[in-house]
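I have placed the structure first, in the form of structure tokens, so that the comments after it can refer back to it.
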Amino acid sequence: MNPDTAISDVEARIDLDAVDEIVKPYYGKKEMVIPILQKVQEHYGYLPRPTMERVSYMMRIPLSRLYGVATFYAQFKLKPRGRNIIRVCKGTACHIQGSPKIAARIEEILGIETGETTDDLRFTLEEVACIGACALAPVITINNEPYGRLTADKVQNILDKYQ
Ligand code: FES
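Quick note: the sequence shown uses the working numbering, first residue 35, plus one each step.
Quick look at the structure:
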């Protein structure tokens, strides 16, 4: 599948009514672009291109300027998150017990770096601070379900359970 196809399919179905509601109170207030983008992201989970185009049109702000703002601030996400969220604990106990190897194995299997989403939107890979299950180190969670005492060779079987 073309890497952008899945995202375009999702974005083609986006209902833009919420953008209109979000922008209305800010008409003419170009300095409010950050709160607008925050609210759009809060509603859609990220900043889909059609929403950026809509904000650009309604606020009379060039699209390139909006993307300039969105790419400058790390809080803004321009890609959707995956259906399954993997979090690798980067706390001390997990680090000592080998979490970097676990993360590397997941990155290798999925072909993405930590912080990224697979092109088919199946997984997003993130790091997380200690989740309070240090006795099970190293730990990852997938959709908040914990997997403890992990080894790199168990990773593939676990990922296979999630579509
Ligand atoms: S350090 Fe990973 S659960 Fe505490």
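Beta carbons are placed, not taken as given, at the ideal position from N, Cα and C, and that holds for glycine. Quick caveat: nothing in here was measured; it's all calculated off a predicted structure.
- For proline 84, the enclosing alpha helix (DSSP H) starts and ends at 83–93.
- Under the three-state reduction of DSSP output, isoleucine 165 falls in the coil class, being neither helix nor strand.
- DSSP lists Ile120 and Glu179 as the beta-bridge partner residues of isoleucine 176.
- Judged by the Cβ position, isoleucine 140 fails to qualify as a neighbour of the ligand FES at the 6 Å threshold, every heavy atom of the ligand being at least this far.
- Collapsing the DSSP output to three states places glutamate 147 in coil.
- Taking the CA atoms as reference points, valine 89 sits about 8 Å from isoleucine 70.
- One thing to note: glutamate 161 has its Cβ within 7 Å of the Cβ of lysine 124.
- Taking 7 Å as the cut-off, the beta carbon of alanine 108 is found no closer than this to the beta carbon of cysteine 168.
- Between the ligand FES and valine 162, a heavy atom-to-CB distance of less than 6 Å is absent.
- Looking at the backbone, the Cα of asparagine 191 and that of alanine 163 are separated by about 24 Å.
- Non-local C-beta neighbours of glutamate 45 in its own chain, meaning closer than 7 Å and more than five positions away in sequence, comprise Pro82, Arg83 and Pro84, ordered along the chain.
- Of the residues assessed, threonine 185 falls on the exposed side of the cut-off, its CB having fewer than 16 other CB atoms within 10 angstroms.
- Contact annotation, isoleucine 136 with proline 172: C-beta distance approximately 5 Å; criterion of less than 8 Å satisfied.
- Ranked by how close their Cα comes to the Cα of threonine 152, the residues Leu100, Asp43 and Arg115 have Arg115 in first place.
- Non-local beta-carbon contacts of arginine 139 in its own chain, meaning distances under 7 Å to residues more than five positions away in sequence, involve Ala186 and Val189 in chain order.
- Here the C-alpha atom of leucine 193 lies approximately 36 Å from the C-alpha atom of isoleucine 68.
- Placement of the Cβ of isoleucine 165 at a distance of less than 6 Å from at least one heavy atom of the ligand FES is found.
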